[in-house]
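> Note that the UniProt record's numbering has the sequence shown beginning at 1, numbered continuously upward. Note that beta-carbon positions come from the ideal geometry of N, C-alpha and C, so glycine has one too. Handing you this structure, nothing more for now.
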Amino acid sequence: MPYLQDGRPVDMVFNPLGIPSRMNVEQLFECLLGLAGSLLNRYYRIAPFDERYEQEASRKLVFSELYQASKQTANPWVFEPEYPGKSRIFDGRTGGPFEQPVIIGKPYILKLIHQVDDKIHGCSSGHYALVTQQPLRRRSKQGGQQVGEMEVWALKGFGVAHIFQEMFTYKSHHIRARQEVLGTTIIGGTIPKPKDAPESF
């Protein structure tokens with residue numbers, strides 16, 4: 001892991017593209033004020049829309065607190081005037097500094113509890129919608145797993161052509177292929193490959 005200028009390793013590294021895509025810019029202020037507050041032993045409570053007091057009020061508050069923390073703790077890396085709010089960190093493998101300074105701080109992180117056992121679900125065959133002839137959605141209805149565009153990309157990255165063939169034919173709304181598979185399964189034969197695309201294609 002990368003480490004700070006005082007030798008402490010960082011706990012987590014976030015993807016910078018996750019901030020603008022979620023439109024959650026205030027987490028940058030929270031991160032920087034968390035760093036300043038931990039060094040100064042202070043707590044901050046900021047009202048929403050504090051820009052009504054003056055232009056760039058939030059940024060001025062963050063930078064002033066970082067500057068005070070840098071002076072009081074004699075840590076010049078906390079506030080560097082060349083790139084305020086950012087700091088140089090070092091590569092844990094090579095020991096050299098990274099090319100660009102990055103934002104470091106102490107944000108509030110809440111771990112969400114998502115257990116695989118609560119989410120796993122499977123069904124060989126099941127109920128189909130009358131109108132679309134597609135499998136019912138949601139686990140609560142004993143339905144199938146919905147596969148969207150991004151899931152198709154993820155599977156495509158692994159080159160699973162036979163899974164695609166099943167998903168878009170037998171297990172979807174190819175009615176004739178589904179009936180052939182059911183009949184072949186009952187008599188214990190070999191599952192035939194569909195010769196054409198489903199009706200929707």
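1) Since P97 sits in a beta bridge, which residues does DSSP pair it with?
2) According to DSSP, simplified to helix, strand and coil, what is residue 220?
3) What does DSSP give as the partner residue(s) for V102 in the beta ladder?
4) With a floor of 4 residues, list each alpha helix (DSSP H) that falls wholly inside the region 150-199, ordered by position along the chain.
5) Excluding the five sequence neighbours on either side, which residues of its own chain have a C-beta within less than 8 Å of the C-beta of Y43, listed in chain order?
6) Go ahead and pull the three-state DSSP assignment for Y43.
7) Give the straight-line distance between the Cα atoms of L193 and G148, rounded to the nearest whole angstrom.
8) Tell me whether the region 101-118 and the region 45-56 touch, counting them as touching only if at least three CB pairs, one residue from each stretch, are closer than 8 Å.
9) Is T169 buried or exposed, if buried means 16 or more other CB atoms sit within 10 Å of its CB?
10) Note down, in chain order, each residue of its chain lying with its Cβ closer than 8 Å to the Cβ of V10, except the 5 sequence neighbours on either side.
11) G159: buried (16+ other C-beta within 10 angstroms of its C-beta) or exposed?
12) Rounding to the nearest angstrom, what Cα-Cα distance links K60 and S172 in this structure?
13) I'd like the list of long-range same chain contacts for G96, defined as Cβ closer than 8 Å, with 5 residues on each side in sequence excluded.
14) Which word fits P135, buried or exposed, when buried means at least 16 other C-beta atoms lie within 10 angstroms of its C-beta?
15) Specify the secondary structure class of Y53 as computed by DSSP and reduced to three states.
16) From G92, E51, L40, pick the residue whose C-alpha is nearest to that of Y67; which is it?
17) For I109, which of K195, C31, V152, R22 has the nearest alpha-carbon?
Well, looking at it:
1) Here residue 97 corresponds to residue number 97 of the sequence shown, with the count starting at 1. For P97, which the question treats as bridged, DSSP gives the partners F90.
2) With the chain represented from 1 up to 201, any question about residue 220 goes unanswered, as that position is not in the structure.
3) Looking up residue 102 in the sequence shown gives position 102. Answer is S87, bridged to V102.
4) 161-168, 175-187
5) Here residue 43 refers to the residue found at position 43 when the sequence shown is read from its first residue. Excluding residues within five positions, the ones whose Cβ falls inside 8 Å are G37.
6) As a working mapping, residue 43 is identified with position 43 in the sequence shown. In this structure, Y43 counts as coil in the three-state DSSP scheme.
7) Mapped onto the sequence shown, residue 193 falls at position 193. Mapped onto the sequence shown, residue 148 falls at position 148. It should be noted that the sequence gives Lys, not Leu, for residue 193. Going by the C-alpha atoms only, they are around 23 Å apart.
8) no
9) Start at 1 with the first residue of the sequence shown, and residue 169 comes out as number 169. Under this definition T169 is a buried residue.
10) Counting from one through the sequence shown, the residue named residue 10 turns up at place 10. Within the same chain, V10 has close Cβ partners M1, P2, Y3, L4, I89, I104.
11) Against the sequence shown, residue 159 aligns to sequence position 159. Exposed: under 16 other Cβ atoms inside 10 Å.
12) By one-based count along the sequence shown, residue 60 stands at place 60. By one-based count along the sequence shown, residue 172 stands at place 172. Spanning the two alpha carbons is a distance of roughly 57 Å.
13) If you number the sequence shown from 1, residue 96 lands on position 96. So the qualifying residues of the chain are F90.
14) On the sequence shown, residue 135 is found 135 positions in, with the first residue counted as 1. When all chains shown are included, P135 counts as buried.
15) By 1-based counting over the sequence shown, the position of residue 53 is 53. The answer is coil: DSSP assigns Y53 none of H, G, I, E or B.
16) What you label residue 67 is simply residue 67 of the sequence shown in a count that begins at 1. The candidate whose alpha carbon is nearest that of Y67 is L40.
17) Your numbering for residue 109 matches position 109 in the sequence shown. Nearest option by C-alpha distance: C31.
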